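*Asks:* Handing you this structure, nothing more for now.
In this note's numbering, the protein residues as written are 36 to 288.
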């Protein structure tokens, strides 16, 4: 089942949680602050997508995450997905309903709208040219909310851009290409596990309307909002953690 190589770590003990990170991110950047809390009561399976030019497809990536959990001895699990990871999580639930016990989807989408497609195409173009500085400026511009960026000191903004340009994860271009093509619309009505959808209402990269679409299409989905940009784990980490852990507790996941 697993043909896409992942780098996987396992944390904690208890009922299973699988993490599905976003494009251009990774386990540490997307979930690093969250893992210690989750691992206090769960076995957390944390897999980074390939850091090279390995081609990605949604079915293969979903299967690879499930296989990594099973290989780690975690037979059933909730999936916490962020951004691109929400599509991976939904496809994992659709393809492996005997494994997935719940979905927690933040800043996500079923299929990219025009703005998301334009953004990830620009990512791919800049990375193919090797223009890491422009890529970093674009990701900072769209990754954070307007108020968050404008309230930072100018030298801090410059520092974030420099650090972003210097630390672009391998595989980002392939992940961006996957965002351009994902479509889980046909999967949503058949999702039959407890689901939380969290919209980031000041998101300039993945419009919050996409989260509302997910919540409306998944039967019984709970919907919540956080006033933050796309990178919610930087802007509102405590609020995000509280929503996720509260949902897990309420549903015994």
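Note that beta-carbon positions come from the ideal geometry of N, C-alpha and C, so glycine has one too. For clarity, every value in this text was computed on a predicted model and none was experimentally measured.
With 16 as the cutoff for other CB atoms within 10 Å, does residue 71 come out buried or exposed?
*Replies:* Stepping through the chain shown from its first residue, residue 71 is reached at position 36. Counting Cβ neighbours within 10 Å, residue 71 comes out exposed, since fewer than 16 surround it.
*Asks:* Going by beta carbon distance, what residues of the same chain come within less than 8 Å of residue 86, once the five residues before and after it are set aside?
*Replies:* Indexing the chain shown from 1 puts residue 86 at position 51. Around residue 86: 42, 204, 205 and 206.
*Asks:* Measuring CB to CB, does residue 97 end up less than 9 Å from residue 123?
*Replies:* Start at 1 with the first residue of the chain shown, and residue 97 comes out as number 62. Start at 1 with the first residue of the chain shown, and residue 123 comes out as number 88. In this structure, residue 97 places its C-beta atom within 9 Å of the C-beta atom of residue 123.
*Asks:* For the stretch 244-251 and the stretch 127-134, state whether three or more C-beta atom pairs, one from each stretch, are separated by less than 8 Å.
*Replies:* no
*Asks:* Give the straight-line distance between the Cα atoms of residue 120 and residue 146, rounded to the nearest whole angstrom.
*Replies:* Residue mapping note: residue 120 aligns to position 85 of the chain shown, counting from 1. Residue mapping note: residue 146 aligns to position 111 of the chain shown, counting from 1. Using only the alpha carbons, I get a separation of about 12 Å.
*Asks:* Quick check: what's the CA-CA separation for residue 107 versus residue 99?
*Replies:* Position 72 of the chain shown, counted from the first residue, corresponds to residue 107. Position 64 of the chain shown, counted from the first residue, corresponds to residue 99. Each residue's alpha carbon lies about 12 Å from the other.
*Asks:* Where does residue 141 fall in DSSP's three states?
*Replies:* Residue mapping note: residue 141 aligns to position 106 of the chain shown, counting from 1. Three-state result, residue 141: strand.
*Asks:* Taking contact to mean at least 3 C-beta pairs separated by less than 8 Å, is the stretch 208-228 in contact with the stretch 252-265?
*Replies:* By the Cβ test, the stretch 208-228 is in contact with the stretch 252-265, since at least three Cβ pairs between them sit closer than 8 Å.
*Asks:* Which residues bound the alpha helix (DSSP H) around residue 46?
*Replies:* Looking up residue 46 in the chain shown gives position 11. No alpha helix (DSSP H) contains residue 46, which is instead part of the beta strand (DSSP E) from 42-46.
*Asks:* Using 9 Å as the threshold, is the C-beta distance between residue 263 and residue 238 below it?
*Replies:* For the purposes of this step, residue 263 is taken as the residue at position 228 of the chain shown. For the purposes of this step, residue 238 is taken as the residue at position 203 of the chain shown. Yes, these two residues count as a Cβ contact at 9 Å.
*Asks:* Ignore the nearest five residues each way along the sequence and tell me which others in residue 171's own chain have a CB closer than 6 Å to its CB.
*Replies:* Reading the chain shown from its first residue, position 136 is the one you call residue 171. Excluding residues within five positions, the ones whose Cβ falls inside 6 Å are 196, 199 and 200.
*Asks:* Mind checking residue 281: buried by the 16 CB within 10 Å criterion, or exposed?
*Replies:* Taking the first residue of the chain shown as position 1, residue 281 is located at position 246. Exposed.
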